[in-house]
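Numbering (my numbering), first residue to last: 311 to 618.
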Amino acid sequence: MKTLKQAFPEMYESGRLLFDEPLAPYSSFQIGGPADALAKPKSQRELIDLLLWALNSNTPWFILGKGTNLLISDKGMRGLIIGMENYHKLTRDENFISAFAGVTLKELCDFAQEQGLAGLEFACGIPGSVGGAVFMNAGAYGGEIKDVLYCSKCLKPEIDSLTSSNPIIHFRKEQHEFRYRNSALQSLGLIHLSSVFELKYDEPEAILMRMQDLHDQRNDKQPMDMPSAGSTFKRPEGYFAGKLVDDCGLRGYRIGDAAVSDKHCGFIVNHGNATAAEVLELIRYVQNTVKERYGVMLETEIRIVGEM
Ligand SMILES: Cc1cc2nc3c(=O)[nH]c(=O)nc-3n(C[C@H](O)[C@H](O)[C@H](O)COP(=O)(O)OP(=O)(O)OC[C@H]3O[C@@H](n4cnc5c(N)ncnc54)[C@H](O)[C@@H]3O)c2cc1C
311 MKTLKQAFPE MYESGRLLFD EPLAPYSSFQ IGGPADALAK PKSQRELIDL LLWALNSNTP
371 WFILGKGTNL LISDKGMRGL IIGMENYHKL TRDENFISAF AGVTLKELCD FAQEQGLAGL
431 EFACGIPGSV GGAVFMNAGA YGGEIKDVLY CSKCLKPEID SLTSSNPIIH FRKEQHEFRY
491 RNSALQSLGL IHLSSVFELK YDEPEAILMR MQDLHDQRND KQPMDMPSAG STFKRPEGYF
551 AGKLVDDCGL RGYRIGDAAV SDKHCGFIVN HGNATAAEVL ELIRYVQNTV KERYGVMLET
611 EIRIVGEM
């Protein structure tokens, strides 16, 4: 079997296949050790070939969006990490916008606004990719991806499916089974390629004003100027995670350079050189304190990945 480098010489020579690549710069937490290999496909063919290479060689693989919902281990990630940033295309057809997985939500929202298409304003401050947002059913300010999604194209990472004459799985809206920060892409293990969003016509100026308003609200309340992975914990039923943490007196509580944000207790932030181990220790400390005081077990919303 060919090595990755032998199998993808063009990707290697163009700098889209990297070895022992530190992952901290690919994570909004700015934390994470090296990936054995990081590949950045720019076409469906390259993505399928990379997956086939991993499946045929029994190499573990992982799809990386913008890394804004991840805590990556200090030891990094083994196997092949597939970064979707170059899998990037945005098009419009009437009131529908199609976006590839590697497009950022900001790019999608700005494009929709310029085109006079409303509905995505809620997402303009969520710092992830379209792939990550559909996978997670990202949401904010009363809106969720499920409200605007029309359909998606996905891949099933299995050799038979990827080598079939048509490996693309067409997913209608209802097939996504969207729930709070969850979609069927997670339970089915599918890879998101692209989605079409159904939007409503409106004046670009009116859309821009709503986006700016939400942007200001977010900047007022959340530590957008500090490295983090967004809300650390899921919202427990009947409570707000940030308030529980605050009521336990943990505002600003720090382990090394990892700290509960002073601005919003639902966020853990990196003061500069935090390690994943420090963040994990802080997560456990917060979980135990809240459990002891209020009997509520906070579940992490951020995904903890890599070699522990
Ligand atoms: C400051 C800040 C504020 C945030 N605010 C919000 C908010 O208001 N609402 C909200 O919902 N989230 C919020 N988040 C969290 C995060 O932005 C979202 O969860 C986002 O959808 C993650 O997208 P991503 O591309 O960064 O995914 P990543 O973090 O790279 O990955 C997350 C998961 O998605 C999977 N994935 C990524 N791309 C694909 C793909 N193409 N196919 C299959 N799986 C894929 C990954 O394997 C991983 O399991 C915030 C984060 C930060 C840092």
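Beta carbons: idealized from backbone N, C-alpha and C, even for Gly.
Checking the sheet assignment: what are the DSSP bridge partners for residue i?
i	result
H480	K463
H502	C464
K510	A428
W371	L390
P533	Partner(s): none; P533 has no beta bridge.
A349	L327, I392
R564	A569
Span of the alpha helix (DSSP H) holding residue i?
i	result
G412	Where G412 is concerned, there is no enclosing alpha helix (DSSP H), given that its DSSP letter is neither H nor E.
I593	586 to 604
P319	319 to 323
G442	440 to 446
Within a Cβ cutoff of 6 angstroms, which residues of the same chain sit near residue i, ignoring the five residues on either side of it in sequence?
i	result
F329	A347
H486	S493, A494
S337	G377, L380, I382
P546	V606
So, using beta-carbon positions, are residue i and residue j closer together than 8 angstroms?
i	j	result
L357	Y397	yes
D384	T585	yes
S462	F481	yes
V458	F507	yes
L465	I501	yes
C419	M521	yes
E529	Q340	The sequence shown places Asn at residue 529, rather than the Glu named in the question. Cβ distance not < 8 angstroms, so N529 and Q340 don't count as in contact.
F372	I391	yes
A443	L415	yes
Y511	L427	yes
P344	E331	yes
G389	T369	yes
G290	G616	No information on residue 290 is available, as it lies outside the stretch 311 to 618 that the chain covers here.
Ignore the nearest five residues each way along the sequence and tell me which others in residue i's own chain have a CB closer than 7 angstroms to its CB.
i	result
G499	P467
W363	L314, A317
E424	P514
T599	C558, L560
Grab the span of the beta strand (DSSP E) containing residue i for me, first residue to last.
i	result
I614	613 to 615
R388	387 to 393
I578	577 to 580
L331	At residue 331 the sequence reads Glu, which differs from the Leu that was named. Start and end: 327 to 332.
A568	568 to 570
D403	400 to 403
Beta-carbon within less than 8 angstroms of residue i's beta-carbon, same chain only, minus the 5 sequence neighbours each way: which residues are those?
i	result
G576	S541, T542, F543, F550, A551, G552, V555
V413	H398, K399, L400, S439, V440
L524	E431, F432, C434, G435, A450, Y451
When you compare the CB of residue i with every CB in chain D, is at least one pair closer than 8 angstroms?
i	result
D512	Looking at the structure shown, chain D is missing, and only one protein chain is on hand.
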